[in-house]
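The next block holds one structure in the form of structure tokens; read it before the comments.
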Amino acid sequence: MRNCFLLLFWMAWCTVSFAQSAPLDSWRLHPSFNRVCAAAQLDGKIYAASANGIFIVQPPGNETEKITIPLLGSTAILTLAADAARTQLLVGYATGQLDILQGKNIFRFNRIRTTPEITGSKAIHHIGIKNNHAYVATDFGVVVFDLAQREIRETWRNLGPAGELQSVYQIAFKGDSIFLATDNGIQGGNLNDNLSDFSRWRRFDQGGFRTTFTSLVSFNGTLYTAIAYDGVYLYEEGTWTRQSFLIGESAYRLFASGASLYIVAGNRLFRFNTAHEMEEITSELFTNPLCVLESSAGLAVGDAQNGLALGNGTTWQKILPNGPTFDVAFRLYEYRNRLFAVSGGYTDLFTPAGIEQPVNWFQLGGWSTNEGWLSRDVTDVAYAGNKVCVGSFSQGLQVISDTENLIFNSGNSPLTGSRVSALATWGGAVWIANYNSLQPLHKLNPDNTFQSYSFPVMAARYPLDMVIDKLGQIWMRLNPATGGGILVFNENTNNHVYLTEITGSGGLPSRNVFSLAVDRNGFVWAGTDAGVAYFSNPAGVFSGNVNAVKPVYEGRFLLRDEKITAITIDGGNRKWFGTERGIWLFDATVTEQLRYFNTTSAPLPSDEIQDLLATSFGEVLIATARGLASYQTDATEPEETPTIRIFPNPVPATFTGWVRISGLTAESTVRITDLSGRLIWQGRSNGGLAAWNVRDHGGQRPPTGIYLVFAISADGKETLAGKLALIN
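According to this note's numbering, the sequence shown is numbered sequentially starting from 86.
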């Protein structure tokens, strides 16, 4: 009995100790559910979609369940449709993918997405269901999908007035006719006719109707649509008549649900019933309603910021599964196992973007935000001692500690235009990159005094990012659009050097530099639009004749045809390169490619990588152009004071993954033996972690028993030992 108790305690301790980490070689998706763009009711449940996932609300308790990629297999959800007759949900994506969810099963249809004959956008904007068919509105026309047979019956393409390409945004039915809201008016046709022929359609595209329509619904036996800044129109006896209510709003969205027509006019929500009575529905949860659904649990309103509001008109419940408040992250940062993501602060023209999003942080499996931190145009976060600093491209720099909360801007500090593009810390001080400034680099000392620096290099006025090497030198990445290159500054000697592609003055693959990183050997890596290079002697860049090392892999410069948008270095000193076509992982010496991830081989929201962060606990956080993901690697930060931790331990018979042996010094040799000393397996740690696949050298799973685990430091001076129980 005592042994059973100890075994249970051991298992519980291991579970808690490793709660921060996901299983090795596994993915986690981090979708935001703040922006609910579509909703549907099926079998008493409410399905609500954000761009990168779906959550299911189960009345009456309103418990939620999340469905994300890889189950969904794609991102950028645009629409949902409930097929009640077959109890299945249709999901349409911006990629052209069409999914059907039925119970716990997901059926994926990629024919629209992959058909080579259809070029350009294949986005699915809306799905209208009538009898046994789903009519799928896309950017190239309409796809008729047989719901019973789950196959495409027809494709109506090139439906414009002269047979040209025409986007379809919404579909509605009236009797045996189908009507389309398009980018060139509204058109209707008889479902018994040959509607693949563009000449068989009746068009409403004259005068004010020669515009783009995105809303078209059938309500109370007729059709309704709307024109921005004009009003809502009703279709009767072949003509469209403008209604007398809600005229002149900047935008309209129409939803027919239950016994009501719901109209979003601007950012306000109205209900119009069959008796032609109009009422406004209000809630503090409404910032910009995107979809409306009458459900068995009340009115469900999908909002652009607050997730799903569920209520009866007077009492509302906010339903928002945990996740970041935004999908697209600009920059990532780690401090003491807490991962930060910011949404970014400038446009393609490098002016403030007006983005209002709080700093998000992830820890122990959940996302949170901090009240009181800057939230407009945030570009970076950094910790210096007991202070946290937040940089903004329009509001300057915020410094927060237990005793202060200060904001430095162009009115009370040397910050030109309050435009902070990046932060870095060294020795208790905060270094600040100030965009479009004669003094583009500032140092904020612990006593909150500033030192400012200027450089006789025009391109240096436009820093976008920076890193600090192991000598304390500042490396600023300069905007490629205004000269590019790298400016290196040594505060101790007051020297600077400008590095470009010119031989002897940097020798970079290109002066268009998009990423910087410092590896565990102190080498400074630069990612350009023509591959990567590194400086193995950062102190020597001031020598007057310096050239970056351009690694050669398989007979050519490393990734020379790629734009390297992000670089991170993991605990094993391995290099992760983010590009516009996915992620490459190379070993510490960049002589061996270990992995390549893209949307085909991994559940990435997008191939376009914005930033990468290899965390201390071995998970690589990935910011893509469409959302956040993370991948649990087999490399962690090495320990200065090593211990040996084994998880799972014991290893149950059902376990098929990797056993983590962590807490080690860098490049430790790990040996597993049986009690008699016979070697079962030997490997080397990546940073502070070694991973064992529960196989001996012959590829067989060892028998049930107790095994000894030894970790020997790289210099052979220190050995750690532990025990592992294996159950078969």
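In this text, a Cβ means the ideal position worked out from N, Cα and C, and glycines have one as well.
Check, Outcome
"What ranges does the beta strand (DSSP E) occupy inside the segment 130 to 197, keeping only unbroken runs of at least 3 residues that lie completely in it?", "130 to 135, 138 to 143, 148 to 153, 162 to 168, 173 to 178, 183 to 187, 190 to 194"
"Report back the beta-carbon spacing between Leu-174 and Leu-127 to the nearest angstrom; my notes put them in contact at under 8 Å.", "5 Å"
"Going by DSSP, which residues form a beta bridge with Met-551?", "Met-561"
"Restricting to Cα atoms, I'd like to know which of Pro-201, Thr-204, Gly-181 is closest to Phe-194.", "Gly-181"
"Where in the segment 259 to 302 do unbroken runs of the alpha helix (DSSP H), each at least 4 residues long, occur, reported from the N-terminal end onward?", "none"
"In whole angstroms, what separates the C-alpha of Leu-250 from that of Thr-684?", "28 Å"
"Could you tell me the alpha carbon to alpha carbon distance between Asn-88 and Ala-806, rounded to whole angstroms?", "Note that Asn-88 scores 33 on pLDDT, short of 50, meaning its location in the model is unreliable; the coordinates nonetheless yield the value given after this. When rounded, the distance between both Cα atoms is 21 Å."
"How do the segment 757 to 775 and the segment 708 to 723 stand: do at least 3 beta-carbon pairs fall below 8 Å, yes or no?", "yes"
"What first and last residue would you give for the beta strand (DSSP E) that runs through Glu-321?", "316 to 321"
"Please report the residue range of the beta strand (DSSP E) in which Ala-775 lies.", "774 to 777"
"Which of helix, strand or coil does DSSP assign to Gly-343?", "coil"
"Using C-beta distances below 6 Å, list every residue in its chain close to Ala-233, excluding the 5 sequence neighbours before and after it, in chain order.", "Asn-217"
"Unbroken beta strand (DSSP E) runs of length 3 or more, entirely within the segment 420 to 466: which are they?", "423 to 427, 445 to 448, 451 to 454"
"In angstroms with no decimal places, state the Cα-to-Cα distance between Ile-668 and Val-598.", "17 Å"
"Just reading off the beta strand (DSSP E) that Ala-618 is part of, what are its end residues?", "616 to 620"
"Give the DSSP-derived three-state secondary structure of Pro-525 in the structure shown.", "coil"
"In angstroms with no decimal places, state the Cα-to-Cα distance between Cys-122 and Ile-404.", "14 Å"
"In the DSSP output, which residue or residues are listed as bridge partners for Lys-802?", "Partner(s): none; Lys-802 has no beta bridge."
"Measure how close the beta-carbons of Ile-131 and Ser-380 come, nearest whole angstrom, since I'm counting them as under 8 Å.", "5 Å"
"Going by DSSP, name the residue or residues bridged to Cys-474.", "Ala-467, Val-484"
"Ser-503 by DSSP, collapsed to three states: which one?", "helix"
"Within 10 Å of its beta-carbon, does Gly-570 have 16 or more other beta-carbons around it, so buried, or fewer, so exposed?", "buried"
"In angstroms with no decimal places, state the Cα-to-Cα distance between Val-675 and Arg-666.", "19 Å"
"Do the segment 429 to 448 and the segment 725 to 741 meet, that is, are 3 or more Cβ pairs less than 8 Å apart?", "no"
"To which residues of the same chain is Gln-480 closer than 8 Å at the C-beta, ignoring the five residues directly before and after it?", "Leu-459, Arg-461, Asp-462, Ile-492, Asn-494, Ser-503"
"Is the number of C-beta pairs between the segment 417 to 427 and the segment 388 to 403 that are closer than 8 Å three or more?", "no"
"Quick check: the Cα distance between Trp-112 and Ala-426, rounded to an integer number of angstroms?", "18 Å"
"What does the Cβ neighbour count give for Ser-486, buried or exposed, with the cut at 16 atoms within 10 Å?", "exposed"
"Going by the CB atoms, is the gap between Val-631 and Gly-591 shorter than 8 Å?", "yes"
"Could you give the first and the last residue of the continuous beta strand (DSSP E) run that contains Trp-241?", "236 to 242"
"How would you call Leu-760, buried or exposed, if buried means at least 16 neighbouring beta carbons within 10 angstroms?", "exposed"
"Rounded to the nearest angstrom, how far is the Cβ of Val-302 from that of Leu-354, given a contact under 8 Å?", "Not confirmed; about 15 Å, so no contact."
"Out of Arg-238, Ser-300, Arg-288, which has the shortest C-alpha to C-alpha gap to Tyr-254?", "Ser-300"
"Around the C-beta of Asn-407, are 16 or more other C-beta atoms found within 10 angstroms, so that it is buried, or is it exposed?", "exposed"
"My understanding is that Leu-114 touches Thr-153, with C-beta atoms under 8 Å, so please give their C-beta distance in whole angstroms.", "4 Å"
"Short check: CB of Leu-393 to CB of Ala-166, under 8 Å?", "no"
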